[in-house]
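Student: Read in order, the letters of the sequence shown correspond to residues 1 to 67 in the UniProt record's numbering.
In this text, a Cβ means the ideal position worked out from N, Cα and C, and glycines have one as well.
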Amino acid sequence: MHLDVHQQTDDPTKFVLYEVYTDEEAFRGAHHETPHYDTWRAAAVDLVAAGGHTNIYCTPAFPEDIT
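1) So, at 6 Å on beta carbons, what are the nonlocal neighbours of Thr54 in its own chain, with the 5 sequence-adjacent residues on each side left out?
2) Would you kindly check if the distance between the Cβ of His6 and the Cβ of Val16 is under 7 Å?
3) In chain order, which alpha helix (DSSP H) runs of at least 4 residues are fully inside the region 33–65?
4) Any chance you could list the alpha helix (DSSP H) runs of at least 4 consecutive residues sitting entirely within the region 8–33, in chain order?
5) Quick check: the Cα distance between Asp38 and His31, rounded to an integer number of angstroms?
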């Protein structure tokens with residue numbers, strides 16, 4: 001798992017958290033069953049902007065570039 005936290009340059013109160021997992025099972029499986037995940041989900045309700053997204057699984061557009 002890899003985690004990046006980005007802060008918006010023109011509004012320092014806005015952030016993007018970007019996590020990368022080895023596969024979908026790592027994303028949806030054990031990670032979602034940890035106590036800290038439940039804590040995050042409860043807090044995220046008040047932290048995510050209206051229309052914002054949480055927990056979207058995507059696949060690499062260019063997987064051959066992954067090392």
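Tutor: Let me lay it out:
1) Ala44, Val48
2) Yes, the Cβ-Cβ distance between Val16 and His6 is below 7 Å.
3) Runs found: 35–47.
4) Counting only runs of 4 or more, we get 24–28.
5) 10 Å
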